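Sequences listed follow chains R and A, in order. Every number in this note's numbering is 330 more than the matching position in the first sequence, counting from 1. Every number in this note's numbering is 4 more than the matching position in the second sequence, counting from 1. Glycine included, C-beta positions come from ideal geometry on N, C-alpha and C. None of the values given here were measured: they were computed from a predicted structure.
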Amino acid sequence: MSKVTFNLRDKGAQFWDKSPRWRRVLLSVIFIAICYALPFLNNPILNTPGSDFQSVLFYPVGMYVMMAIGLNIVVGKSGLLDLGYVAFFAIGAYTMAVLGTKTSLNFWEILPIGVGLAMLSGVLLGTPTLRLRGDYLAIVTMGFGEIVRIVAVNTSAIGGSRGIAGIPTPPPAFKAKFTILDPKPYYWLLLTFTLLIIWMVRRLAARRPGRAWDAIRQDDDVAQLMGINTRRSKVWAFVLGAAVAGVGGVIYASQILSIVPDQFNLNVSILILACVVFGGIGNLWGVIVGAVILAFTPERIRFLSQPRILVFGMALVIMMNLRPDGMLPKKKREHLEADWDHVEESGEGEIK
Amino acid sequence: MDFALLRDAFWGLTFDGLALGAIYALISLGYTLVYGVLRLINFAHSEVFMIGTFGALVAASGIMGVKVEDDPRTGGSMILTLVVCLIAAMLASAFTAVAVEFVAYRRLRKRGATKLATLISAIGVSISLVEFFRIITHSLPREFPRIMEKSFLFHFAGADIRNDKVIVIVAAGLMMVALDQFISKSRLGKGIRAVSMDENTATLMGVNINRVITVTFFAGGLMAGAAAFFYILTYENTSFKVGFFLGISAFTAAVLGGIGNLRGALFGGFVLGLMETYTSAVFGTAWKAVISFIILVLVLLIKPTGLFGESITQARV
Chain R
331 MSKVTFNLRD KGAQFWDKSP RWRRVLLSVI FIAICYALPF LNNPILNTPG SDFQSVLFYP
391 VGMYVMMAIG LNIVVGKSGL LDLGYVAFFA IGAYTMAVLG TKTSLNFWEI LPIGVGLAML
451 SGVLLGTPTL RLRGDYLAIV TMGFGEIVRI VAVNTSAIGG SRGIAGIPTP PPAFKAKFTI
511 LDPKPYYWLL LTFTLLIIWM VRRLAARRPG RAWDAIRQDD DVAQLMGINT RRSKVWAFVL
571 GAAVAGVGGV IYASQILSIV PDQFNLNVSI LILACVVFGG IGNLWGVIVG AVILAFTPER
631 IRFLSQPRIL VFGMALVIMM NLRPDGMLPK KKREHLEADW DHVEESGEGE IK
Chain A
5 MDFALLRDAF WGLTFDGLAL GAIYALISLG YTLVYGVLRL INFAHSEVFM IGTFGALVAA
65 SGIMGVKVED DPRTGGSMIL TLVVCLIAAM LASAFTAVAV EFVAYRRLRK RGATKLATLI
125 SAIGVSISLV EFFRIITHSL PREFPRIMEK SFLFHFAGAD IRNDKVIVIV AAGLMMVALD
185 QFISKSRLGK GIRAVSMDEN TATLMGVNIN RVITVTFFAG GLMAGAAAFF YILTYENTSF
245 KVGFFLGISA FTAAVLGGIG NLRGALFGGF VLGLMETYTS AVFGTAWKAV ISFIILVLVL
305 LIKPTGLFGE SITQARV
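Right, here's the structure in full:
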């Protein structure tokens, strides 16, 4: 199995590299069209018995894909382990909820504010903590995620543990009406933003910031020696990741209509991290595939009702044992250098 | 904010904090041992603890036949029940820890997988264990029978000192001394220190690395099991999600002291226990996690490797 997938990735990359421009454009258009048409697809394999397929496409699938792409900037591209990613999602969602219910601003006006606040909190968290290495950064970010949730629970001005209800839906755009009953427009909205983010990430990755992140992930000290402002690059990675989660949060809140703090617990951060690692850390398409699979599987097997999360957990273990680099890993050559644990070369592979 | 409460009940709070800190310290030893050897956070360790509480529960009702509605036992019967429950909890946790290593870590380690892949594998095991216990307990908390009469032993500076907390602190102290002796004196303990210092050289010197790792997980599991028993003895209930919050706190304690450093973990556990007790007296229990984390962040910013640095080997020899 592993050989097939490896070839699939390399063949795919080769095919893409060799394709002339018209074929790339054509394939992209077809791919995007299929994505937009997905809500109308109704077949027995992709169907989700027990829950509405169109809702599942919005949440969890679409939402997880977007968040996983955002977290991949932080964890995959620049190698910073963030276990509190849900905090930025929560900040986006709460901005939408508070401003939507207390002011007359509509969705499109709140969106930039929500993203801005998520980015600002990214700066506030990132500036002091990003000099910590690996595991310490992990616990500090995890702590931040919990703090945001606990503050939301304990602040009665934003609803306390009961959360906020009656969040307004976005105003109609392009003839699409956003209502409670119809998840399709939300899915298209989310998809549009996701495509924009993919475009942004691909551009960044190929240019100076992307190369700086690569260098930092592979060796922080060397990157610094080569003249990269590692501190600033890391904060930027953090802030961009936060912005993506902020977008996700605002859209999510406008669809779900009411939010409670306990929706934003540590498990969400961990699940999104699992999407990133499961799919193939650092590889954008791998991350997307991972997020689709991890978000879709629990819904697909909802008919198992009780043990579905158990099956999910076991699948995670089996998958990581079989393919430790994920479904579609980054190219091997790059991966060997990219062990983000730069503490020491353990050489554990040789010890039998 | 209620500083008067902190002032009036200071010694009582200190005592409660130490009892809570002893539980944190015992759990954090497991995190720190595994980190010392594998340089990995064992994400399934909170579930190792959770299973220990169920081990004690099964031992109490299954082996010793204690029922929730029974009167507390006395004399020899009480001591026997306590010891049996303690041993059951420790063994349940220790074997779970070894199984976790076998399922989640061993294969990945042999293939030289990245740290993150191993992390996700451990998270998978953690999710599976929590879900398994959620299903078999029907998502309900379970009550632990009262084995010993809880009474106030003596007064100290206006504080009532309860007997079960004295037992927790004393017994936890003994466990820690035993572990410390094991790591610093025994052959296997030396193996653990050698591997945490330099894995390759340790292998060249004839250390059986697989055995060392198994022993490390086993020892960490024993400590978590003891913590589980003390927890269930004090709080008298458990549920499938009990590991989550204690796990986070214990991990925070390990990082606070300098992860990978045994005495640091002990110190971190007690400091965190005291801090949480004091701050929940002043700000209310809702904010204690926030304040613990803020203190942790401040400590890490001033001293990025925790209070005591981060190596098992550094702390001793």
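Notebook entry, point to check: chain R beta carbons: is any one of them nearer than 8 Å to that of residue 135/A?
Noted result: Yes, because at least one Cβ of chain R sits closer than 8 Å to the Cβ of residue 135/A.
Check: What's the call for residue 281/A, buried or exposed, on a 16-neighbour Cβ count within 10 Å?
Finding: So residue 281/A ends up on the buried side.
Next item on the list: Could you tell me the boundaries of the beta strand (DSSP E) in which residue 163/A lies?
Entry: Residue 163/A -> beta strand (DSSP E) spans 163–166.
Margin query: Just checking: is the beta-carbon of residue 331/R within a distance shorter than 8 Å of some beta-carbon in chain A?
Written below: Reliability fails at residue 331/R, whose pLDDT of 45 lies under 50, so the model's placement of it is uncertain and no value is given.
Next item on the list: Mind the definition here: the segment 639–655 of chain R touches the segment 541–557 of chain R only if three or more C-beta pairs lie below 8 Å; say whether that holds.
Entry: Output reads no: the segment 541–557 of chain R does not touch the segment 639–655 of chain R.
Next item on the list: Closer than 8 Å, Cβ to Cβ, to anything on chain A: give me those residues from the segment 625–638 of chain R, in chain order.
Entry: Result list: 636, 637.
Notebook entry, point to check: Measuring CB to CB, does residue 48/A end up less than 8 Å from residue 96/A?
Noted result: Contact: no.
Next item on the list: Within its chain, find whatever has a CB closer than 8 Å to the CB of residue 496/R; leave out the 5 residues flanking it on each side and keep chain order.
Entry: Cβ contact annotation for residue 496/R (same chain, cutoff 8 Å, sequence separation greater than five): 431, 587, 588, in chain order.
Note to self: Would you say residue 591/R lies against chain A (beta-carbon separation less than 8 Å)?
What the structure shows: At a cut-off of 8 Å between C-beta atoms, residue 591/R does not count as an interface residue with respect to chain A.
Check: Of the residues that make up the segment 281–313 of chain A, which ones have a beta carbon closer than 7 Å to any beta carbon in chain R?
Finding: The residues in question are 290, 291, 293, 294, 297, 300, 301, 304, 305, 308.
Next item on the list: Measure the alpha-carbon distance for residue 170/A versus residue 592/R and round it to whole angstroms.
Entry: The alpha-carbon separation between residue 170/A and residue 592/R amounts to approximately 36 Å.
Notebook entry, point to check: So, residue 624/R versus residue 394/R, is the Cβ gap smaller than 8 Å?
Noted result: The answer is yes: Cβ separation under 8 Å.
Check: What distance in whole Å lies between the Cβ atoms of residue 165/A and residue 7/A, which are believed to be in contact at a cut-off of 8 Å?
Finding: About 23 Å; that fails the 8 Å criterion.
Notebook entry, point to check: With C-beta atoms as the reference, is residue 37/A less than 8 Å away from residue 224/A?
Noted result: Contact check for residue 37/A against residue 224/A passes: the beta carbons are separated by less than 8 Å.
Check: When the Cβ atoms of the segment 144–152 of chain A are set against those of the segment 82–97 of chain A, are three or more pairs found closer than 8 Å?
Finding: With the cut-off at 8 Å, the segment 144–152 of chain A and the segment 82–97 of chain A touch.
Margin query: Less than 8 Å between the beta carbons of residue 397/R and residue 424/R, yes or no?
Written below: No, the pair does not count as a contact, with Cβ atoms beyond the cut-off.
Margin query: Taking the alpha helix (DSSP H) that residue 24/A belongs to, which residues open and close that run?
Written below: For residue 24/A, the enclosing alpha helix (DSSP H) stretches over residues 14–42.
Note to self: As a quick exercise: from 93/A, 35/A, 244/A, 148/A, pick the residue whose alpha carbon is nearest that of residue 238/A.
What the structure shows: Nearest option by C-alpha distance: 148/A.
Next item on the list: Jot down the residue ranges of each uninterrupted alpha helix (DSSP H) in the segment 91–117 of chain A, minimum 4 residues, whole runs only, in chain order.
Entry: Correct list: 111–114.
Next item on the list: List the whole-angstrom C-beta distance separating residue 254/A from residue 39/A, where the pair is believed to meet the contact cut-off of C-beta under 8 Å.
Entry: With 8 Å as the limit, residue 254/A and residue 39/A do not qualify as a contact, their Cβ atoms being about 12 Å apart.
Next item on the list: For residue 408/R, count neighbouring Cβ atoms within 10 angstroms of its own Cβ and tell me buried if that reaches 16, exposed if not.
Entry: Answer is buried; the Cβ neighbour count reaches 16.
Item checked: Touch test, the segment 51–64 of chain A against the segment 127–134 of chain A, Cβ-Cβ under 8 Å, three pairs minimum -> Segments in contact, yes.
Next item on the list: Whole angstroms is fine: what's the gap from residue 10/A's alpha carbon to residue 277/A's?
Entry: Linking residue 10/A to residue 277/A through their CA atoms gives a straight-line distance of about 15 Å.
Margin query: Please return the same chain residues whose Cβ sits closer than 8 Å to the Cβ of residue 303/A, not counting the five positions on each side in sequence.
Written below: If we look at residue 303/A and ignore the five residues flanking it on each side, its Cβ neighbours are 260, 310, 311.
Next item on the list: Determine the direct distance from the alpha carbon of residue 60/A to that of residue 392/R, and round the result to whole angstroms.
Entry: So the alpha carbons of these two residues sit roughly 44 Å apart.
Next item on the list: Tell me, to the nearest whole angstrom, how far the beta carbon of residue 120/A is from that of residue 399/R; I am working on the premise that it is less than 8 Å.
Entry: With a Cβ gap of about 17 Å, residue 120/A and residue 399/R do not count as contacting.
Margin query: Could you compute how far the alpha carbon of residue 221/A sits from the alpha carbon of residue 514/R?
Written below: Rounded to whole angstroms, residue 221/A to residue 514/R spans 49 Å at the Cα level.
Next item on the list: Go ahead and label residue 543/R buried or exposed: buried means 16 or more other beta carbons lie within 10 angstroms of its beta carbon, across all protein chains shown.
Entry: Residue 543/R should be labelled buried.
Notebook entry, point to check: Which word fits residue 118/A, buried or exposed, when buried means at least 16 other C-beta atoms lie within 10 angstroms of its C-beta?
Noted result: So residue 118/A ends up on the buried side.
Notebook entry, point to check: Roughly how many angstroms separate the alpha carbons of residue 465/R and residue 200/A, rounded to a whole number?
Noted result: One C-alpha to the other measures close to 16 Å.
Check: Whose C-beta lies closer than 7 Å to the C-beta of residue 631/R among residues of the same chain, with five residues either side of it excluded?
Finding: Counting only Cβ-Cβ distances below 7 Å, and skipping sequence neighbours, we find 638, 641.
Check: Can you tell me the Cα-Cα spacing of residue 217/A and residue 41/A, whole angstroms?
Finding: When the Cα atoms are used, residue 217/A and residue 41/A turn out to be separated by approximately 7 Å.
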